Each structure stands twice: as C-alpha cells, then as structure tokens.
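Worksheet: the structure to be examined is printed underneath.
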Amino acid sequence: MGNPTLADTVRRAIRQPDTLQLGAIPLLYPILDSLGLRDIVNELCPSEADLDLGRVMLVLVLNRLMSPQPLCWVNRWTTRSVLGVALDIPPTKLYDNRLGRALDGVYGYLGEIWARLVVRAIQVWQLDLSILHWDITSFYFEGAYTDSELIRYGHSRDHQSGAKQINLQADVTHQTRVPVGYRVLAGNTADITTPLGHLQALLRFLARPELAALHGQPLLVSDCKMITPAAVGGCHHTGLFYLGPWARDEQVRRVLRSVSEEELAAHVLAYRPRRQAQAADFVPYRGVWRPFTISVPPPPNRPEVKPEVFTDRVLVLWSAGKARLDAQKRRTYLKRLLDGLDHIRRHLNQGRYAQRD
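Letter 303 of the sequence shown, counting from 1, is numbered 302 in numbering that gives the first Met the number 0, and no numbers are missing.
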C-alpha cells in the first residue's frame with residue numbers, strides 16, 4: 000500500500016472518539032502541498048530534528064490563515080484540530096520555544112522561500128505576468144515600539160496619524176490578484192524613494208531560470224508617486240513598460256492645454272466600465288495621444304553626466320464621471336460664494352460691516 004492521502008488521514012481523525020475541528024484544512028492544505036512549502040523549507044533549512052522545519056512551517060502558516068494564535072497557544076489549537084493527526088505531530092512537540100527557533104531558522108531564507116513559492120504558483124496555475132499592479136499600503140500599530148527599526152510614524156493611509164506604522168510594497172497579478180513580490184518598508188519611507196529599488200528586485204525575480212519561458216517583460220501599473228523620471232529611465236534601460244498618471248506640473252498643464260474640446264469629442268474610447276450599465280449613446284471616456292518628453296537627471300555624485308531624455312506618450316483623458324463631479328463641485332463653490340455675498344449684503348452698515356475695511 001502507498002502513503003495515505005490527506006483524505007484518508009482526515010477520515011481516520013474524524014472517526015476518533017474525540018471531536019476534532021476540520022475547518023478549512025481540506026481547502027488550504029492541498030494548496031500548500033501543491034506549492035511545495037514543506038519541501039522548499041526543508042531543502043533550504045535542513046534539520047536532523049525529529050520534527051522537520053517544513054512541517055512546523057505548515058502548522059504556523061495554516062494557523063495564521065485559519066485561527067491566528069500566540070506561539071504559546073499554537074499547540075492548544077493543534078490539539079483541537081485534525082492537523083496534528085494529518086501531519087503526525089504530537090501537539091506536545093509544538094511548544095513555543097521550538098516554534099520560535101523555527102521562525103529564527105527560516106528568517107534568513109524568507110526571500111528565497113517566497114520566490115520559490117511564487118515560481119511554483121506560476122507554473123502550477125499558469126499565472127499571467129503580462130500586467131502587474133504595483134503599490135504601497137500600510138498597517139498601523141497600537142503601542143510605543145521604541146526599539147523597532149520598521150515601526151515608525153509616517154504618512155498614514157489609514158487616517159491614523161497618531162499611530163506608528165509599517166509600509167508594505169507589493170506586486171499583484173492583474174486577473175488573479177496573486178501577490179508576486181513584496182517588501183516590508185519602514186513606516187516613514189516616502190513612496191518616491193522606492194521605484195528604482197523595486198524595479199531592480201522585480202528584474203532579479205524575472206531573471207530566475209525557472210521563468211525563462213516567459214515571453215516579454217510585464218507592464219507595470221502604478222500611481223503617480225511611483226512614476227518618477229528616474230523610474231521611467233529604469234524602465235527604458237530594462238525594457239519594462241509602465242502605465243500610470245503623471246503628477247501634475249507645468250509640462251502636464253501645457254499638454255492638457257494643447258488638446259481642444261473638438262479633438263476630444265472626435266476620439267471616443269471603446270472602454271466601458273462593467274459597473275456602468277449605460278445607454279448605447281453614453282460616452283464614458285474620450286482620449287487623445289500626445290508625445291511626452293521625460294528628462295532623467297544624472298546621479299547626485301555624477302554631475303558631469305548629461306541628463307537622459309526619453310520621449311514616451313501620454314493619453315489626455317476626458318471622463319464623463321469626472322466632468323460630472325467637476326460640475327457639481329463648481330455649483331457647490333459658486334453657491335458658497337453667492338451665499339457669502341448675500342450674507343455681506345444683509346449685514347451692510349451693521350456691526351463690523353459698518354466700515355469700509
């Protein structure tokens with residue numbers, strides 16, 4: 000007879016006299032097994048202990064996904080779950096010191112573990128990397144955290160300016176929304192300082208031999224804080240494509256002024272948002288292409304190097320929704336102004352309105 004399957008193990012566990020929790024293990028365990036988490040950890044962090052690090056990490060990952068517990072309570076959770084039986088791990092062996100040592104043991108290999116898991120996911124589920132969405136989010140913390148190098152005060156996306164935070168940078172696939180790359184950043188890291196480092200890390204990942212079958216470089220979609228002249232220069236040097244809004248400056252204003260209403264009216268875009276069920280004659284977007292010159296300044300330590308100049312193209316976009324919001328905003332501001340003038344008219348020659356000043 001061959002090795003018992005997970006279904007056989009779970010079936011035996013359920014038939015035991017004690018009631019054990021099943022939860023989402025039949026859904027999550029096969030995914031982690033397909034990704035080869037246990038084998039990857041054991042290959043990178045071999046151990047002669049009776050309980051290999053791969054099994055320990057399986058327990059910790061499943062606990063994080065299903066019922067997060069402090070390390071000292073993981074063994075209690077395992078006792079109530081079918082996981083201990085399925086992985087043949089006595090809960091008494093999952094004491095907090097062992098779990099802590101396991102986390103210390105894999106810490107230096109987290110980057111390679113993650114990269115191998117992602118490569119495996121790309122191969123198993125044939126993930127499409129032609130479009131990647133790149134952004135930074137943050138998580139705030141309650142407490143002092145005076146000794147942490149990462150938990151800092153910074154621009155709060157959670158509107159929690161009084162709390163410290165950590166920033167998380169991530170690349171996510173377009174259709175399947177699977178994270179491909181990530182990096183933990185200090186909470187006071189400015190978005191504008193991250194693009195070049197991000198591009199270099201992404202290129203290192205795409206250059207892995209296991210991904211040699213990929214054709215072409217991905218399109219990076221991001222916001223204006225990520226699309227800087229230096230980052231655009233990096234994309235040109237590496238053959239990457241980028242897409243995102245350029246921060247408004249005088250050059251952008253000149254491009255906008257160069258497009259007339261008649262030209263926009265003649266260029267209706269075919270794209271229609273799925274959430275908008277509009278009439279056939281409704282035009283949600285119009286757009287006109289314009290050339291756009293980007294000058295990349297030399298590094299601060301190389302003043303003798305001339306700036307690089309690239310000519311890309313921008314899409315000057317007209318949005319029906321944005322036009323509607325702008326019209327509403329104009330009406331609001333105009334009403335506020337007229338109400339203010341009416342207030343002055345009704346109080347002329349009274350109180351502080353009695354004098355010209």
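Ideal Cβ positions, reconstructed from N, Cα and C, are used throughout, including at glycine.
All figures in this text were calculated on a predicted structure; none of them were measured in a lab.
Span separating the alpha-carbon of residue i from that of residue j
i      : j      : result
Asp32  : Leu219 : 30 Å
Val183 : Val105 : 17 Å
Thr360 : Asn166 : One cannot answer for residue 360 here, as it falls past the ends of the chain, which runs 0 to 356.
Asp248 : Tyr139 : 32 Å
Leu268 : Thr145 : 53 Å
Thr4   : Arg54  : 16 Å
Lys334 : Ala162 : 38 Å
Tyr270 : Glu148 : 45 Å
Pro67  : His266 : 53 Å
Ser257 : Arg330 : 26 Å
Met0   : Leu70  : Here Met0 scores only 44 on pLDDT, less than 50, and its place in the model should not be relied on; the value that follows carries that caveat. Whole-angstrom Cα-Cα distance: 37 Å.
Leu59  : Glu303 : 54 Å
Ile202 : Glu307 : Note that residue 202 is Leu in the sequence shown here, rather than Ile. Between Leu202 and Glu307, the C-alpha separation is close to 21 Å.
Ile39  : Val118 : 12 Å
Thr78  : His235 : 55 Å
Tyr152 : Gln349 : 49 Å
Asp7   : Ile130 : 41 Å
His154 : Gly142 : 17 Å
Leu326 : Val313 : First, the amino acid is wrong: residue 326 is Ala here, not Leu. Computed Cα separation, rounded: 25 Å.
Tyr108 : Gly99  : 15 Å
Arg301 : Arg97  : 51 Å
Pro25  : Leu205 : 32 Å
Leu336 : Lys328 : 12 Å
Ile88  : Trp72  : 15 Å
Tyr332 : Glu261 : 27 Å
Ala48  : Lys92  : 11 Å
Per-residue DSSP class, three states only, for residue i
i      : result
Tyr28  : helix
Asp341 : helix
Trp288 : strand
Met0   : The predicted position of Met0 is uncertain, since its pLDDT is 44 and thus under 50; no value can be drawn from it.
Pro245 : Here the sequence assigns Trp to residue 245, which means Pro is not the residue at that position. Trp245 falls in the coil class under three-state DSSP.
Phe240 : strand
Arg355 : coil
Asp7   : helix
Leu131 : strand
Arg301 : coil
Pro178 : strand
Ala169 : strand
Thr310 : strand
Ser33  : helix
Ile191 : helix
Residues near residue i in its chain [Cβ-Cβ closer than 7 Å; skip 5 each side]
i      : result
Tyr94  : Asn74
Gln168 : Ile135, Tyr181, Arg182, Leu184, Thr193, His197
Leu112 : For clarity, residue 112 is Ile in the given sequence; the question names Leu instead. The answer, listed in chain order, is Ile39, Val40, Leu43, Val105.
Trp245 : Cys223, Ile226, Val251, Val313
Nearest neighbour of residue i, chosen from the options [CA to CA]
i      : options                        : result
Pro178 : Ile121, Arg329, Ala265, Ala353 : Ile121
Pro272 : Glu111, Ser129, Val282         : Val282
Ala85  : Asp356, Ala264, Leu27          : Leu27
Ile226 : Trp113, Ala326, Asp190         : Asp190
Lys174 : Leu128, Gly35, Ser155, Arg203  : Sequence inspection shows Gln at residue 174; the Lys mentioned does not correspond to that position. Closest by alpha carbon: Leu128.
Ala200 : Leu57, Leu336, Gly110          : Gly110
Gly186 : Ala211, Asp157, Leu213         : Asp157
Arg37  : Met56, Ile30, Pro217           : Met56
Cys44  : Ala246, Leu336, Gly83, Asp103  : Asp103
Trp124 : Trp76, Ile30, Ala319           : Ile30
Ala319 : His342, Tyr284, Arg344         : Tyr284
Contact under 8 Å by Cβ, residue i with residue j
i      : j      : result
Val251 : Arg289 : no
Ser221 : Trp133 : yes
Cys223 : Gly243 : yes
Ala23  : Met65  : yes
Asn62  : Leu52  : no
Leu116 : Leu34  : yes
Ala114 : Arg176 : no
Ile150 : Gln159 : no
Same chain, Cβ closer than 8 Å to residue i, neighbours up to 5 away in sequence not counted
i      : result
Ala229 : Pro194, Leu195, Val295, Pro296
Val363 : The chain is shown from 0 up to 356; residue 363 falls before or after that span and cannot be answered.
Gly286 : Leu263, His266, Leu268, Leu314, Val315, Leu316, Trp317
Val254 : Arg289, Phe291, Val313, Val315
Neighbourhood of residue i by C-beta distance below 6 Å, restricted to the same chain and skipping five residues each side
i      : result
Gly233 : Leu195, Leu198
His346 : Tyr352
Val171 : His132, Pro178
Ser46  : Leu52
Thr188 : Asn166
Pro90  : Asn74, Thr77, Thr78, Gly83
Gln216 : Gly238, Leu239
Leu210 : none
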